[in-house]
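For reference, the structure discussed in these notes is given below.
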Amino acid sequence: MDIKNIKKEFPIFKQKINGKSLVYLDSANSSQKPKVVIDKISNFYETEFSNVGRSVHSLAVKATNRFEAT
(Lines of atoms letter the chains of each structure in order from A and count residues from 1; the text may use other names and numbers.)
(Lines give C-alpha, C1' and ligand atoms only; values in the text may rest on other atoms or scores of the structure.)
Protein backbone atom coordinates (compact mmCIF):
# COMPACT_ATOMS: atom_id res chain seq x y z
CA MET A 1 0.00 0.00 0.00
CA ASP A 2 1.51 3.32 -1.10
CA ILE A 3 0.30 5.94 1.38
CA LYS A 4 1.36 8.86 -0.85
CA ASN A 5 -0.84 7.64 -3.70
CA ILE A 6 -3.76 7.03 -1.38
CA LYS A 7 -3.41 10.49 0.14
CA LYS A 8 -3.64 12.02 -3.36
CA GLU A 9 -7.23 10.76 -3.57
CA PHE A 10 -8.30 13.15 -0.77
CA PRO A 11 -8.61 16.77 -1.99
CA ILE A 12 -8.37 18.21 1.52
CA PHE A 13 -4.76 17.07 1.83
CA LYS A 14 -3.69 19.30 -1.08
CA GLN A 15 -3.85 22.35 1.17
CA LYS A 16 -1.09 23.60 3.43
CA ILE A 17 -1.59 24.78 7.01
CA ASN A 18 1.05 27.26 8.15
CA GLY A 19 3.13 26.20 5.16
CA LYS A 20 3.06 22.51 6.10
CA SER A 21 1.16 19.52 4.74
CA LEU A 22 -2.14 18.91 6.48
CA VAL A 23 -2.21 16.07 8.99
CA TYR A 24 -5.68 15.02 10.13
CA LEU A 25 -5.97 12.85 13.23
CA ASP A 26 -9.63 13.32 14.18
CA SER A 27 -11.06 10.39 12.23
CA ALA A 28 -12.92 9.13 15.30
CA ASN A 29 -15.19 12.15 14.95
CA SER A 30 -15.29 12.64 11.19
CA SER A 31 -13.27 11.14 8.39
CA GLN A 32 -12.08 12.94 5.30
CA LYS A 33 -13.56 11.85 2.00
CA PRO A 34 -11.77 10.79 -1.18
CA LYS A 35 -12.62 12.65 -4.39
CA VAL A 36 -14.66 9.75 -5.77
CA VAL A 37 -17.02 9.94 -2.75
CA ILE A 38 -17.28 13.73 -2.95
CA ASP A 39 -18.14 13.49 -6.66
CA LYS A 40 -20.78 10.80 -6.06
CA ILE A 41 -22.43 12.77 -3.25
CA SER A 42 -22.36 15.98 -5.29
CA ASN A 43 -23.95 14.21 -8.25
CA PHE A 44 -26.62 12.77 -5.97
CA TYR A 45 -27.55 16.21 -4.61
CA GLU A 46 -27.48 17.75 -8.08
CA THR A 47 -29.53 15.10 -9.91
CA GLU A 48 -31.30 12.64 -7.59
CA PHE A 49 -32.05 14.09 -4.15
CA SER A 50 -35.65 13.55 -3.06
CA ASN A 51 -37.83 12.29 -0.23
CA VAL A 52 -37.79 8.56 0.40
CA GLY A 53 -41.13 6.78 0.69
CA ARG A 54 -43.23 9.94 0.71
CA SER A 55 -44.11 10.76 -2.87
CA VAL A 56 -44.94 9.12 -6.17
CA HIS A 57 -43.05 11.47 -8.51
CA SER A 58 -40.14 9.96 -10.42
CA LEU A 59 -37.32 11.33 -8.23
CA ALA A 60 -38.98 10.06 -5.06
CA VAL A 61 -39.62 6.62 -6.58
CA LYS A 62 -35.97 6.38 -7.64
CA ALA A 63 -34.78 7.49 -4.18
CA THR A 64 -37.10 5.01 -2.47
CA ASN A 65 -35.93 2.15 -4.69
CA ARG A 66 -32.28 2.96 -3.98
CA PHE A 67 -32.95 3.22 -0.26
CA GLU A 68 -34.80 -0.09 -0.13
CA ALA A 69 -32.06 -1.82 -2.15
CA THR A 70 -29.39 -0.94 0.43
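Just so we're aligned, residue 1 is where the sequence shown starts under the working numbering, counting upward by one. Positions of the beta carbon are idealized from the N, C-alpha and C atoms, including for glycine.
Secondary structure of serine 31 (DSSP, three-state): coil. Around glutamate 9, the same chain offers Pro34, Lys35, Val36 as residues with beta carbons nearer than 8 Å, after the five sequence neighbours per side are excluded. Take serine 58, set aside five residues on each side of it, and no residue of its chain has a beta-carbon closer than 8 Å to its own. At least 9 Å separates the beta-carbon of isoleucine 41 from that of proline 11.
In this structure alanine 63 is buried. Its beta-carbon is surrounded by 16 or more other beta-carbon atoms within 10 angstroms.
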